[in-house]
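To start, the structure under review is shown below, and the notes come after it.
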Amino acid sequence: MRRLFIPLLFACLSHAAHADEVQVAVAANFTAPAKLLAAAFEKDSGHTAQLSFGATGKFYAQIRNGAPFEVLLSADDTTPARLAQEGAAVAGSRYTYAVGRLVLWSAKPGYVDEQGAVLQKGDFKHLAIANPKLAPYGAAAVEALTALKLLEIVQAKFVQGENIAQTHQFVASGNAELGFVALSQVMQDGRIASGSAWIVPAGLHQAIRQDAVLLEKGRGKPAAAAWLKYLKGDKAKGIIKSFGYES
13 MRRLFIPLLF
23 ACLSHAAHAD
33 EVQVAVAANF
43 TAPAKLLAAA
53 FEKDSGHTAQ
63 LSFGATGKFY
73 AQIRNGAPFE
83 VLLSADDTTP
93 ARLAQEGAAV
103 AGSRYTYAVG
113 RLVLWSAKPG
123 YVDEQGAVLQ
133 KGDFKHLAIA
143 NPKLAPYGAA
153 AVEALTALKL
163 LEIVQAKFVQ
173 GENIAQTHQF
183 VASGNAELGF
193 VALSQVMQDG
203 RIASGSAWIV
213 PAGLHQAIRQ
223 DAVLLEKGRG
233 KPAAAAWLKY
243 LKGDKAKGII
253 KSFGYES
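If you want it as structure tokens, here you go:
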């Protein structure tokens, strides 16, 4: 028994000695899958991912001002590219980890129809939307409304969230009858978990390509490199797809 225990002990000590921590800035729409991924990542690699959630636009400002983030999981593909161009991210490390889907959602069952005609009826007082200047999902919502020629009609009813998490909260709490949120926020086990929803056709807005990038503070950090590699694996892809993202 002792002969088996000693090698096992050394293996555990070696694993612990190489365990590290990575500081990850995560776009708010990716909150639920990121938490599951972090738990799986720690179990499989021994490394720990410390997650911070928020609007991509705010993360950009914080990173440029020296925030200690080592990896950014953005809600768009332009912010990581801009950071790399400006020298705040490692060139060549950027890749798309998910393609998001926009959904018009209400916490009330039957309130939003499957064609989104509720927008044209206009019999609602508040329409929640993320700040389009900071949140890519908010920008996509504005694009979709513009394509539908409804922006000027419904704009006066906007309730604007700082990020997509706050926008979702407006709708979930009933402070807004409906709102544009990320499909990942309302999907569970491949279906809409509650309320009613219209998945906005992808052709109504630019693709919401969400890119990951290694930031300069993560250069040479084993946990940061391991986290980015882990997101490309089959297990991670399965978790990501289960929340309605496309690859």
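Under the numbering used here, think of the first position of the sequence shown as 13, with each following residue one higher. Just so you know, even glycine gets a beta-carbon here, dropped at the ideal spot from N, CA and C. Keep in mind the model is a prediction, meaning the values are calculated, not measured.
Three-state secondary structure (DSSP) of residue i
i, result
"Leu157", "helix"
"Ser105", "coil"
"Ala73", "helix"
"Ser185", "coil"
"Gln222", "strand"
"Ala5", "Not covered by the structure: residue 5. The range shown for the chain is 13 to 259."
"Phe42", "helix"
"Val124", "coil"
"Phe53", "helix"
"Gly66", "strand"
Length of the line joining the Cα atoms of residue i and residue j
i, j, result
"Glu174", "Asn143", "6 Å"
"Ile231", "Ile141", "Note that residue 231 corresponds to Arg in the displayed sequence, not to Ile. Cα to Cα, Arg231 sits roughly 35 Å from Ile141."
"Ile18", "Ser57", "Because Ile18 sits at a pLDDT of 42, beneath the cut-off of 50, its placement in the model cannot be relied upon, and the following sentence gives the value as read from the coordinates. Cα to Cα, the separation comes out at about 22 Å."
"Phe162", "Leu131", "Checking the sequence, you will find Leu at residue 162 rather than Phe. Between Leu162 and Leu131, the C-alpha separation is close to 8 Å."
"Leu116", "Gln172", "14 Å"
"Glu228", "Gly134", "47 Å"
"Val166", "Gly150", "14 Å"
"Lys249", "Tyr257", "9 Å"
"Pro121", "Phe182", "16 Å"
"Leu243", "Tyr109", "7 Å"
"Phe255", "Ala224", "17 Å"
"Ala87", "Ala39", "5 Å"
"His59", "Val124", "42 Å"
"Asp201", "Gly215", "25 Å"
"Phe81", "Gln127", "41 Å"
"Glu33", "Ala168", "45 Å"
"Thr91", "Ile75", "11 Å"
"Val193", "Ala93", "24 Å"
"Leu160", "Leu195", "20 Å"
Integer Cβ distance of residue i from residue j, believed to fall under 8 Å
i, j, result
"Leu190", "Phe136", "6 Å"
"Leu139", "Ala188", "6 Å"
"Ala101", "Ser64", "Going by Cβ atoms, the distance from Ala101 to Ser64 rounds to 16 Å, so no, they are not a contact pair."
"His217", "Gln197", "Actually they are not in contact, since the Cβ atoms of His217 and Gln197 sit about 17 Å apart, beyond 8 Å."
Cβ-based burial, residue i [other Cβ within 10 Å; buried from 16]
i, result
"Gly69", "buried"
"Pro213", "exposed"
"Gln97", "exposed"
"Gln62", "exposed"
"Thr158", "exposed"
"Lys233", "buried"
"Ala209", "buried"
"Ser105", "buried"
"Gly99", "exposed"
"Ala205", "exposed"
Those residues which DSSP pairs with residue i across a bridge
i, result
"Gly112", "Ile220"
"Leu84", "Ala37 and Val225"
"Trp117", "Gly191 and Ala209"
"Arg94", "None, per the DSSP bridge assignment."
"Arg203", "Gln200"
"Gln172", "Ile141"
"Glu164", "BP columns for Glu164 are empty, so no partner."
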